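>
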Amino acid sequence: MSSSNGTRIEGAFTFSDWKEEQLTEGPGPTLARAHVTNHFSGGIEAPDSTCAYTFVYLEDGTGSFAGLQLLNGTLDGREGAFTIEERGTFTGQGNVRCSFEVVSGSGTGALEGLSGRGSYVAVHGEPSVPYTFEYTLP
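The opening residue of the sequence shown carries number 121 in the working numbering; numbering runs sequentially from there.
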């Protein structure tokens, strides 16, 4: 679907190989990092994207995170790779809200010059996470 700002797509992703490492110990906020493999389908088809996150866990169980994710596959049928920068928060129940943006200059192949931003909400216990993404290509 096209809009005045670009093309909007939707899809979903699942994750596997969640490897998390605690970096600090409490009391108080603690830091951790994780390496994750995500599997995107829909407007973005990227079967094995690599993601690295850094988290801060607060004493009440909530927290925030930032991460970078390399997606290699297709975007609306155009083949290439690009990187997104993610920032989000999570509740004590494990629900996540995240927004992301394409890292400028990271598009390759048919995705060279890609820009865009998107978001997702992950509900704890749900196997699939829906996303939306609005992008432009030169």
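Think of the CB as a built atom: it goes at the ideal place given N, C-alpha and C, for glycine as much as any other residue.
Quick caveat, the model's predicted, so the values are computed rather than measured.
Grab me the residues of Pro258's own chain with a C-beta within less than 6 Å of its C-beta, minus the 5 sequence neighbours each way, in chain order.
Your numbering for residue 258 matches position 138 in the sequence shown. The answer, listed in chain order, is Gly233.
> Once DSSP output is grouped into helix, strand and coil, what is the label at Gly229?
Your numbering for residue 229 matches position 109 in the sequence shown. Three-state result, Gly229: helix.
> Report the three-state DSSP secondary structure of Thr144 (helix, strand or coil).
For the purposes of this step, residue 144 is identified with residue 24 of the sequence shown, where counting begins at 1. DSSP places Thr144 in coil when its eight states are reduced to three.
> With the cut-off set at 8 Å, would you say Glu140 and Ala152 are in Cβ contact?
Position 20 of the sequence shown, counted from the start, is the residue given in the question as residue 140. Position 32 of the sequence shown, counted from the start, is the residue given in the question as residue 152. Closer than 8 Å, so yes.
> Opposite Ser239 in the DSSP bridges: which residues?
Mapped onto the sequence shown, residue 239 falls at position 119. The partner list for Ser239 (beta bridge, DSSP) reads Ser219, Thr252.
> If Gly236 and Thr252 are in contact, beta carbons under 8 Å, what's the gap, nearest whole angstrom?
Taking the first residue of the sequence shown as 1, we reach residue 236 at position 116. Taking the first residue of the sequence shown as 1, we reach residue 252 at position 132. No, Gly236 and Thr252 are not in contact; Cβ-Cβ is about 11 Å, not under 8 Å.
> For Ala186, I'd like the list of residues in its chain whose CB is within less than 6 Å of its CB, leaving aside the five on either flank, ordered along the chain.
Sequence index remark: in the sequence shown, residue 186 carries index 66 (1-based). Here the set comprises Thr174, Arg207.
> Ends of the beta strand (DSSP E) at Asp168?
Taking the first residue of the sequence shown as 1, we reach residue 168 at position 48. Residues 164–177.
> Taking C-beta to C-beta, are His211 and Leu190 nearer than 8 Å?
Position 91 of the sequence shown, counted from the first residue, corresponds to residue 211. Position 70 of the sequence shown, counted from the first residue, corresponds to residue 190. For the sequence presented, residue 211 should be read as Thr rather than His. No.
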